[in-house]
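In UniProt numbering, the protein residues as written are 1 to 166. Don't be surprised by glycine CBs; every beta carbon is placed ideally from N, CA and C. Just so it is clear, the structure is predicted and the values come from calculations on it, not from any experiment.
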């Protein structure tokens, strides 16, 4: 009887810790955002993108900073709109809203900000204490997001060798 109660105490202690253990999909997205932040140093507007990807990386690793996740979601949305407006106004819609031509800078930035928006939305939904049954669906959504984002990255970097435009 006493062995049973002692084995339950560590489990209770582990669930009451402040930080939750990030899932595998959160760690993979954090790695992708950290890698994306490191690629931004040669970008003309790096001062927008490095903080966005760094915050997205932090939120995916820790999974507890809902205020930072909301700020990152807002930043991602603003930068997504910036890229779409920039494409329409300055490039006359060359890449188009649905283009996946990763050789174009505006397309890479649009996809990157879109991934941040989706990741932060899923993490905020997962962190909602009112949706306990919904968290499994969110975890599945995160896994799909990881598969899509890594699939697009591998397809771009390994299968094609386009000229990247700044």
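For residue j and residue i, believed in contact at Cβ under 8 angstroms, the rounded distance
| i | j | result |
| --- | --- | --- |
| residue 143 | residue 115 | Incorrect: roughly 14 angstroms between the Cβ atoms, too far for contact. |
| residue 138 | residue 118 | Actually they are not in contact, since the Cβ atoms of residue 138 and residue 118 sit about 11 angstroms apart, beyond 8 angstroms. |
| residue 33 | residue 65 | Between residue 65 and residue 33 the Cβ distance is about 14 angstroms, and since that is not below 8 angstroms, they are no contact. |
| residue 145 | residue 29 | 7 angstroms |
Residue i vs residue j beta-carbon contact at 8 angstroms
| i | j | result |
| --- | --- | --- |
| residue 60 | residue 26 | yes |
| residue 56 | residue 152 | no |
| residue 80 | residue 38 | no |
| residue 83 | residue 109 | yes |
| residue 106 | residue 91 | yes |
| residue 58 | residue 68 | yes |
| residue 102 | residue 156 | yes |
Endpoints, the alpha helix (DSSP H) within which residue i is located
| i | result |
| --- | --- |
| residue 98 | Run containing residue 98: none; DSSP gives neither H nor E here. |
| residue 109 | 105 to 126 |
I'd like the ranges of any alpha helix (DSSP H) spanning at least 4 consecutive residues and lying wholly in the region 32 to 96. With a minimum length of 4 residues, the continuous alpha helix (DSSP H) runs that stay inside the region 32 to 96 are 46 to 62 and 66 to 90.
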